[in-house]
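First residue of the sequence shown? That's 657 in our numbering, and the numbers climb one at a time after it.
Where a beta carbon is used, it is the ideal one built from N, C-alpha and C, also for glycine.
The structure presented is a predicted model; accordingly, all values stated were derived computationally and were not measured.
Read the structure below first, then the notes.
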Amino acid sequence: MNAACRHRKFNDPVKDPDWWSGVGPRWRLPLQWATVDLMYAVVILREWAQVTTRERVQIIVITGGLFAGYGLSWVYGFGMEATLYWLLPSRIAVTWLGTPVVPLLKLS
Numbered sequence: 657m658n659a660a661c662r663h664r665k666f667n668d669p670v671k672d673p674d675w676w677s678g679v680g681p682r683w684r685l686p687l688q689w690a691t692v693d694l695m696y697a698v699v700i701l702r703e704w705a706q707v708t709t710r711e712r713v714q715i716i717v718i719t720g721g722l723f724a725g726y727g728l729s730w731v732y733g734f735g736m737e738a739t740l741y742w743l744l745p746s747r748i749a750v751t752w753l754g755t756p757v758v759p760l761l762k763l764s
């Protein structure tokens with residue numbers, strides 16, 4: 657999803673993926689911050705018909721390569737290392753990036 661498409665949905669509670677980071681019960685927010693990239697995936701899949709063919713190919717190739725690389729790491733005996741040195745740090749980074757720096761939109 658290109659930047660222009662994303663900015664058209666700015667501050668829309670349903671269509672803006674960034675809204676996910678600050679809305680919800682306080683206990684659930686850290687989980688939402690850790691999965692903000694997955695919310696972008698949900699939005700992209702909802703609007704798959706509007707994604708260009710070039711972007712579709714990029715999404716499929718990159719996602720497939722990541723899943724294949726992670727799966728192969730387990731096949732070749734490096735699954736624990738891939739989890740500890742690749743998957744876990746990426747989740748920590750996404751959590752940090754997903755944490756809002758402005759006051760939360762709505763706390764329940």
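| Item | Value |
| --- | --- |
| Enclosing alpha helix (DSSP H) for P686 [first to last residue] | L685 to A690 |
| Residue burial classification, Q714 (beta-carbon count within 10 angstroms, cutoff 16) | exposed |
| Presumed contact (8 Å Cβ cut-off) between S729 and A738, rounded CB distance | 4 Å |
| Sub-8 Å separation of W689 and G754 beta-carbons | yes |
| Rounded C-alpha distance that separates L743 from T691 | 13 Å |
| Backbone secondary structure at V791 - three-state DSSP | Since the first and last residues shown for the chain are 657 and 764, residue 791 lies out of range. |
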